[in-house]
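> Here's a structure for you.
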Amino acid sequence: MKNSINMKDETDGNQMLEYIPHALIHLERKADKRVSPWKSVKAKVTKECTWTSKKAKNSLLGFFPVLRWLPKYDFKENTWGDVMSGVIIGIILVPQAIAYSLLAGLKPIYSLYTSFFANIIYFMMGTSRHVSVGIFSLISLMVGQVVDREVLLAGFELDDDAVQQLNNFSISGNNITRTVNISLGFGDIECGKECYAITIASLLTFTAGIYQVLMGLFRLGFLSMYLSEPMLDGFATGASLTILTAQVKYLLGLKIPRSPGIGMLVTTWYNIFKNIHHTNYCDLITSAICIAVLVAAKEIGDRYKDKIKIPLPTELVVIVVATLVSHYGNLKEMYGSAVSGVIPTGFIPPKVPDFSLFGKIAVDAVPLAVISFAFTISLSEMFAKKYAYTVEANQEMFAIGFCNIIPSFFHCFATSAALAKTLVKTSTGAMTQVSSVISAIVVLLVLLFFAPLFYSLQKCVLACIIIVSLRGALRKFKDLPAQWRLNKIDAVVWCVTVCSSALISIEVGLMVGVVFSMLCLVLRSQLPYATMLSQIQNTVFYEDGQKYENLLSVPKVKIFRFNAPLHYANKGYFLKSLYKMSGMDPGLEIIRRKKIDKQAKKQTKRKQVDASNTFHYGEAQIELVEKRNDLQTIILDCSTIGFLDTTGTNTMKVLLKDYKEVQINVLLACCSTTVIDSLIRGGYFGKENSDMHKLLFYTVHDAVQFAKAQTLSTTDSTV
Numbered sequence: 001m002k003n004s005i006n007m008k009d010e011t012d013g014n015q016m017l018e019y020i021p022h023a024l025i026h027l028e029r030k031a032d033k034r035v036s037p038w039k040s041v042k043a044k045v046t047k048e049c050t051w052t053s054k055k056a057k058n059s060l061l062g063f064f065p066v067l068r069w070l071p072k073y074d075f076k077e078n079t080w081g082d083v084m085s086g087v088i089i090g091i092i093l094v095p096q097a098i099a100y101s102l103l104a105g106l107k108p109i110y111s112l113y114t115s116f117f118a119n120i121i122y123f124m125m126g127t128s129r130h131v132s133v134g135i136f137s138l139i140s141l142m143v144g145q146v147v148d149r150e151v152l153l154a155g156f157e158l159d160d161d162a163v164q165q166l167n168n169f170s171i172s173g174n175n176i177t178r179t180v181n182i183s184l185g186f187g188d189i190e191c192g193k194e195c196y197a198i199t200i201a202s203l204l205t206f207t208a209g210i211y212q213v214l215m216g217l218f219r220l221g222f223l224s225m226y227l228s229e230p231m232l233d234g235f236a237t238g239a240s241l242t243i244l245t246a247q248v249k250y251l252l253g254l255k256i257p258r259s260p261g262i263g264m265l266v267t268t269w270y271n272i273f274k275n276i277h278h279t280n281y282c283d284l285i286t287s288a289i290c291i292a293v294l295v296a297a298k299e300i301g302d303r304y305k306d307k308i309k310i311p312l313p314t315e316l317v318v319i320v321v322a323t324l325v326s327h328y329g330n331l332k333e334m335y336g337s338a339v340s341g342v343i344p345t346g347f348i349p350p351k352v353p354d355f356s357l358f359g360k361i362a363v364d365a366v367p368l369a370v371i372s373f374a375f376t377i378s379l380s381e382m383f384a385k386k387y388a389y390t391v392e393a394n395q396e397m398f399a400i401g402f403c404n405i406i407p408s409f410f411h412c413f414a415t416s417a418a419l420a421k422t423l424v425k426t427s428t429g430a431m432t433q434v435s436s437v438i439s440a441i442v443v444l445l446v447l448l449f450f451a452p453l454f455y456s457l458q459k460c461v462l463a464c465i466i467i468v469s470l471r472g473a474l475r476k477f478k479d480l481p482a483q484w485r486l487n488k489i490d491a492v493v494w495c496v497t498v499c500s501s502a503l504i505s506i507e508v509g510l511m512v513g514v515v516f517s518m519l520c521l522v523l524r525s526q527l528p529y530a531t532m533l534s535q536i537q538n539t540v541f542y543e544d545g546q547k548y549e550n551l552l553s554v555p556k557v558k559i560f561r562f563n564a565p566l567h568y569a570n571k572g573y574f575l576k577s578l579y580k581m582s583g584m585d586p587g588l589e590i591i592r593r594k595k596i597d598k599q600a601k602k603q604t605k606r607k608q609v610d611a612s613n614t615f616h617y618g619e620a621q622i623e624l625v626e627k628r629n630d631l632q633t634i635i636l637d638c639s640t641i642g643f644l645d646t647t648g649t650n651t652m653k654v655l656l657k658d659y660k661e662v663q664i665n666v667l668l669a670c671c672s673t674t675v676i677d678s679l680i681r682g683g684y685f686g687k688e689n690s691d692m693h694k695l696l697f698y699t700v701h702d703a704v705q706f707a708k709a710q711t712l713s714t715t716d717s718t719v
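Position one of the sequence shown corresponds to residue 1 (the UniProt record's numbering), numbered consecutively onward.
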């Protein structure tokens, strides 16, 4: 149902015959002080290469923002909030770190290392006050898929629980017994599956960090703007389906191999249903209880979050209780339940990543680097806007890059900012990144003293924690109808990204999502909204005649609005829309008139013009005059045309020429200075812009009044 507009003009209701051509308003422009490109480049290079103590100090403070804000730290205002938030996040980090190790295909100790180092490094280099950097489910899954693939290619069995089935396996035709240890060329040391897995993960993390630092050096932080919100949401949702699928086997206690690569989701579900009769009922019952408790606690926390100032550490409580039950109930020995196993205390000596494996993971590190940075900068900017401060995109790139590079020497894997932990961090009163140091201390205490206590923790409990943490991403399905009503193209981008990420692979899903969203952006630019305007009654304003009622059309005048810049990609659509809506294609009209003239000359030459033919020719002449009188002026409302490229400028010139041949005027209104400059450079207004006062107007109403005045003068001259 159309809207209705009925606005009253505050001026006297007299018809205005005066018009204000754009060219009659002379504005004095600033002098164009042109500097030669060579001198400009030389000056910039000299400025950048000149090193001063002030520049060195600014560079140091810029690279380590902590040196800028920590000396000004307000202990009275910030200490309590930072300490409380840091302790709570640390408590949440421990169970999540242990759980996400399942996604990464690594031992829990490496997840704890990652959480510790990432918090310390981001504290020193990050520009966001509130972002929580550490283990993130999506990043862990991306690491895990690369680790699984390389472990499989190296000849190891992917599933930990099936290792013993492989020990006695004999390779057909070779009589060679495969063991769980192979030599990887580290001198005289043989590297087993666990060692090889963390070697791949560390090198992958180091490489992704290098990519991020290079992106920061080349100032490529702006690239995050091309990762649209619907695409990122769809990518996270599709990855959540993959994560959920990967954890189902732990819920059921099934011993099936992981299925890395394309079609992982379909293959895994096929294997699950194929082996469903081997379900471990102890794990199944434990999973049902844990999910029920976790979901109930989350719902209560969400419903009463205003009253409950401190989030409930439900995950930690569930892990502690489940570990005690598993230990004293001997669930592993009696029911064959899979447990976390030994988690050592202390730190493993640092080790340089094995660069001989670089060729295996160089490509895989690219999407990892992009997604890690994209989520970090998105969250940083979101909370900076909420709490009224600024973040620096390129410094964030450096920060997250070094959060990957430095920990990779300490047996860690890739990190990113995480929304859930960041929300908890802000809700518990965090004011600065001092809270990250407190969280790191909590993780350190677990690493030094409490890690072995988690030996009997069932893997199904960790899987439950992971699955429940996906609630936010999976709830996006519920928002799809609202998104469809709000913007159909964004909804389609979301659906395409979800399907490609879940059904093909995460890496392919990312690429498909980016390419598809960019194509949608191009199509929006190529096929923008175009319409004809009509006058709002008793006003000097004009609006879309397709959307509003009670609008008045202007006799013999068509007002056309094109809602996009005019460039080479949408030139054809611009002309097609204008010709269709105005009802006048000058090219066809010229051909039609030439055809009529040709027929008339042919009939005259043969001297066979009878009364009937004369009548028909006269009809054609009358029709031609009526056509000419029906449309005399086309006004282009350029208020929504941001710029013209060379093709756009030439299109406007050709349009003016073609319509002039059929005695139709083309007037421009509401042009920006950028558009005017392009038209002047293109010679649109004739020599020395002599026709500017006849073609260019400040407002649509000025152009309409000029067109009416021309119509009156034409009528008077013919009378």
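Ideal Cβ positions, reconstructed from N, Cα and C, are used throughout, including at glycine.
Output the distance between the C-alpha atoms of V540 and S678, rounded to the nearest integer angstrom.
Answer to the nearest angstrom: the Cα atoms are 28 Å apart.
> Given this structure, state the Cα-to-Cα distance separating C670 from A707, to the nearest angstrom.
So the alpha carbons of these two residues sit roughly 16 Å apart.
> Reducing DSSP to helix, strand and coil, say where K558 ends up.
Of the three classes helix, strand and coil, the one that applies to K558 here is strand, per DSSP.
> Give a yes or no on whether the minimum CB-CB distance between K459 and chain B is below 7 Å.
Of the protein chains in the structure, only one exists, and it is not chain B.
> Pull up the CB-CB distance for I210 and V146, whole angstroms please, since I reckon it's below 8 Å.
With a Cβ gap of about 16 Å, I210 and V146 do not count as contacting.
> When the distance is taken between beta carbons, is L252 closer than 7 Å to L294?
In this structure, L252 does not lie closer than 7 Å to L294 by Cβ.
> Exposed or buried, which one is Q433 when buried takes at least 16 other CB atoms within 10 Å?
Counting Cβ neighbours within 10 Å, Q433 comes out buried, since at least 16 surround it.
> If you draw a straight line from the C-alpha of F383 to the C-alpha of C464, how long is it?
Cα-Cα distance, rounded: 29 Å.
> Taking T205 as the reference, give the member of L527, P407, L575 with the closest Cα.
Of the candidates L527, P407, L575, the one whose C-alpha sits nearest the C-alpha of T205 is P407.
> Since I635 is in the beta strand (DSSP E), which residue starts that stretch and which ends it?
I635 -> beta strand (DSSP E) spans 633-637.
> Along the beta strand (DSSP E) that carries V666, what are the first and last residues, could you check?
665-669 is the span of the beta strand (DSSP E), which, as asked, contains V666.
> Could you please give the first and the last residue of the uninterrupted beta strand (DSSP E) stretch that includes M532?
Residues 530-536.
> Between P71 and M264, what straight-line distance do the alpha-carbon atoms span, to the nearest angstrom?
Approximately 50 Å, taken between the alpha carbons.
> Can you check DSSP and say which residues form a bridge with C458?
Checking the displayed sequence, the identity of residue 458 turns out to be Gln instead of Cys. Bridge partners of Q458: V339.
> Since P586 contacts D691 with CB under 8 Å, what's their CB separation in whole angstroms?
Between D691 and P586 the Cβ distance is about 18 Å, and since that is not below 8 Å, they are no contact.
> Are at least three pairs of beta-carbons, each pair with one atom in the stretch 410-427 and one in the stretch 313-331, less than 8 Å apart?
No, they do not touch.
> Looking only at C-alpha atoms, which of Y250, F117, Q212, W80 sits nearest to L103?
The residue with the shortest Cα to Cα distance from L103 is Y250.
> Give me the Cα-Cα distance between D702 and K478, rounded to the nearest whole angstrom.
Approximately 50 Å between the Cα atoms of the pair.
> What's the call for D630, buried or exposed, on a 16-neighbour Cβ count within 10 Å?
Exposed is the call here.
> For the alpha helix (DSSP H) containing E392, name the first residue and the last one.
Premise fails: E392 is in no alpha helix (DSSP H) and is neither H nor E.
> Using DSSP with H/G/I as helix, E/B as strand and the rest coil, what is E626?
Confidence at E626 is low in this model, with a pLDDT of 47, below 50, so its placement is unreliable and no value can be given for it.
> Identify which residue in K255, I262, I641 has its Cα closest to the Cα of I276.
Considering only alpha carbons, the answer is K255.
> Could you tell me which whole alpha helix (DSSP H) segments of length 4 or greater appear in the stretch 436-480?
You should have 459-468, 471-474.
> Quick one: Cα of R475 to Cα of V391, how far?
R475 and V391: Cα-Cα distance of roughly 29 Å.
> Taking the DSSP output, what are the residues bridged to E543?
Looking at the DSSP assignment, E543 forms a beta bridge with S534.
> What does the Cβ neighbour count give for A393, buried or exposed, with the cut at 16 atoms within 10 Å?
A393 should be labelled buried.
> Applying the 10 Å Cβ sphere with the 16-neighbour rule, what's the burial state of S356?
Its Cβ having fewer than 16 others within 10 Å, S356 is exposed.
> With H, G and I counted as helix, E and B as strand and the rest as coil, what does DSSP make of G513?
In the structure shown, G513 sits in a helix (DSSP, three-state: H, G or I).
> Using 8 Å as the threshold, is the stretch 370-380 in touch with the stretch 112-132, meaning 3 or more CB pairs across them?
With a cut-off of 8 Å, the stretch 112-132 and the stretch 370-380 count as touching, because enough Cβ pairs lie within range.
> Does the beta-carbon of E396 have 16 or more other beta-carbons within 10 angstroms, so that it is buried, or is it exposed?
That one is buried.
> For a test of the three-state rule: what should DSSP assign to G642, helix, strand or coil?
G642 falls in the coil class under three-state DSSP.
> Who are the near neighbours of V94 in its chain, counting only those whose CB is closer than 6 Å to its CB and skipping five residues on each side?
The answer, listed in chain order, is V446.
> For Y113, which of N271, P349, T242 has the nearest alpha-carbon?
Out of N271, P349, T242, P349 has the C-alpha closest to the C-alpha of Y113.
> Kindly confirm or deny that the stretch 555-573 and the stretch 634-653 touch, where touching means at least three C-beta pairs closer than 8 Å.
With a cut-off of 8 Å, the stretch 634-653 and the stretch 555-573 count as touching, because enough Cβ pairs lie within range.
> Where DSSP assigns a beta bridge to V700, which residues make up the other side?
For V700, which the question treats as bridged, DSSP gives no partner whatsoever.
> What residues are listed by DSSP as bridge partners for S416?
DSSP output for S416 lists G134 as bridge partner(s).
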